[in-house]
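Trainee:
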Amino acid sequence: MKKQCKIVLVSSLSLLCFSCYYDTVIEEEEVIIPPDEEVFFSTDIQPIFNKCTGCHGGNIAPDLRAGNSYNALVPQYVTAGNAETSELYNYLPGHGHHDIGLTLSPTEIALIKTWIDRGAENN
């Protein structure tokens, strides 16, 4: 009888220990581009969009290929000077196209936000 009690007790304690589950939430730090750091469309933003041309290469709007992307985005998807009201930026907080596995880093998202907020220039 004592042996059965020990087995039940050990089994119960084991189940209790292994049944605890903790969600570990890792908060991403917001990346801020310094005000004195320039953001250029051709060298900072277009390379990010180049990741997307597998789908957005002319067949699916917007066309994000180099040479086409700026005119495809501004003003239809980008409100120059205001990232918060830009359709493009509001799509990005999901960090990219999660359904195909493409994600953007916090730095890439910060670059796009900064570019839009600073006037979305074609430079």
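For what it's worth, my numbering labels the leading residue of the sequence shown as 69, then goes sequentially. Even for Gly, the Cβ is constructed at its ideal location relative to N, Cα and C.
So, with DSSP's three-state summary, where would you put residue 175?
Mentor: Locating residue 175 in the sequence shown gives position 107, counting from the first residue. Helix at residue 175.
Trainee: Do the segment 132–139 and the segment 112–123 touch if we need at least three Cβ pairs shorter than 8 Å?
Mentor: Flag = yes, the segment 132–139 and the segment 112–123 touch.
Trainee: Do you know how far the Cα of residue 174 is from the Cα of residue 106?
Mentor: Here residue 106 corresponds to residue number 38 of the sequence shown, with the count starting at 1. Here residue 174 corresponds to residue number 106 of the sequence shown, with the count starting at 1. Those two C-alpha atoms are separated by around 17 Å.
Trainee: Kindly list the residues whose CB is nearer than 7 Å to the CB of residue 99, restricted to its own chain and excluding five residues on each side of it in sequence; keep chain order.
Mentor: Here residue 99 is taken as the residue at index 31 of the sequence shown, counted from 1. 174, 175, 178.
Trainee: Which residues bound the alpha helix (DSSP H) around residue 155?
Mentor: Position 87 of the sequence shown, counting from 1, holds the residue named residue 155. Unbroken alpha helix (DSSP H) run through residue 155: 155–159.
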